[in-house]
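Numbering (full-length UniProt numbering), first residue to last: 1 to 126.
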Amino acid sequence: MMEEKDREISRLVDDNKNLHQSLESRPKVDHNDNYSTGMYKQDPSSLSTSALEQQILILARQQAQREEELAQSQRHILALQEEIEELEHENRLHSQQETMLKTELRNMERSQKREGVDMTYLKMLY
Numbered sequence: 001m002m003e004e005k006d007r008e009i010s011r012l013v014d015d016n017k018n019l020h021q022s023l024e025s026r027p028k029v030d031h032n033d034n035y036s037t038g039m040y041k042q043d044p045s046s047l048s049t050s051a052l053e054q055q056i057l058i059l060a061r062q063q064a065q066r067e068e069e070l071a072q073s074q075r076h077i078l079a080l081q082e083e084i085e086e087l088e089h090e091n092r093l094h095s096q097q098e099t100m101l102k103t104e105l106r107n108m109e110r111s112q113k114r115e116g117v118d119m120t121y122l123k124m125l126y
């Protein structure tokens, strides 16, 4: 995603250069609305400054948007990490519960086997 944004910035910078070149090569208009190759009637530095300011504003907005997307992604990552920790904790509790239940089941099975043995027979053996 960052590479994509870097390519977009490079493209915008190239577009900006192309706009500057097209502004500089555009025929100039005099007061009689006739095209001439003379000087701009408006200061060319103010035109390029205005275009630069517009480009800077566009790039600043895009950067702000990227930073907001990054912040959202980081918040999402933190939320997912918290969820993972919670699920791992639940998993450990379930494993402990499973171990306890298996132990209890084995004890109950042993107890049932002992109940099935005739104690009078055992008493006579001793």
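For glycine and all other residues, C-beta sits at the position ideal for the given N, C-alpha and C.
In terms of CA proximity to R11, L59 leads the group A71, A51, L59. The beta carbons of K5 and R66 sit about 6 Å from each other, so the pair counts as a contact at 8 Å. In this structure, the alpha-carbon of L23 lies about 14 Å from that of D14. A straight-line Cα-Cα distance of about 59 Å links S73 and K113. Taking 9 Å as the cut-off, the Cβ atoms of L87 and A51 do not count as close. For G116, there are no CB contacts under 8 Å within the same chain when 5 residues up- and downstream are skipped.
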